[in-house]
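Everything on this sheet refers to the single structure shown next.
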Amino acid sequence: MASKNIKELFLAYRHELQVYLTRKLHDADIAADLTQETFLKFAEYSRGNPAAVISHERSYLYRTAHNLAVDHIRKRQRERTDPTEAAALDAVADDTPLPDRQAGGRGDLAKVRAALDALPERTRRVFELTRVEGLTYRETAERLGISDSSVQKHLARAVKHVMQSLRGD
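Residue numbering for the sequence shown follows the working numbering, beginning at 138 and increasing consecutively.
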């Protein structure tokens, strides 16, 4: 391990890493969480590689913090709802239509069902699990034995296909 123990490193660099992450993320709570995660990763690496010597602990900690921040930003961007996805959800989840819209709504629902039935099995299942059953991407991925990014790709395809079907494309 490095010349300093994890407690000494934490006391020496926690504050400056947290300030760095707060500036990068504009959220002090997330910065605090990622600061702790940075030190946990350092400790895990040191424990898993007892012969390894990290000669520049500060640089290692900053690189780890930076990578965690980038991962967090990417995750947050992926979780944002696409406006086209919201429109598709409105078409599917409109359970209290006005009387004059009920006939049209039934037609839209039939189009949505037909569009979903035309999708490959996995893509349709991803749509159903995330949008109908309300599972998270992670839960859906675990249930289907695929990655989170695969869930996102299948969902994007499904939403795009449903939207095109509703527009009559």
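We put the CB at the ideal spot given by N, CA and C, even for glycine.
Quick caveat: nothing in here was measured; it's all calculated off a predicted structure.
- Judged by their CB atoms, residue 209 and residue 260 are not nearer to each other than the 8 Å cut-off.
- Taking residue 304 as reference, the option from 272, 254, 248 and 282 with the minimal CA-CA separation is 248.
- Beyond the five residues adjoining it in sequence on each side, residue 284 comes within less than 8 Å, by CB distance, of 278 in the same chain, given in chain order.
- Residue 182 and residue 190 have their C-alpha atoms spaced approximately 10 Å apart.
- Under the rule that a run must span 4 or more residues, the alpha helix (DSSP H) segments found entirely inside the region 146-212 read 165-185.
- Residue 217: not part of any alpha helix (DSSP H); DSSP gives it neither H nor E.
- Sequence-distant partners of residue 171 (beyond 5 residues in either direction) whose C-beta falls short of 8 Å from its own C-beta, in its chain, are 158, 162, 202, 205, 206 and 209.
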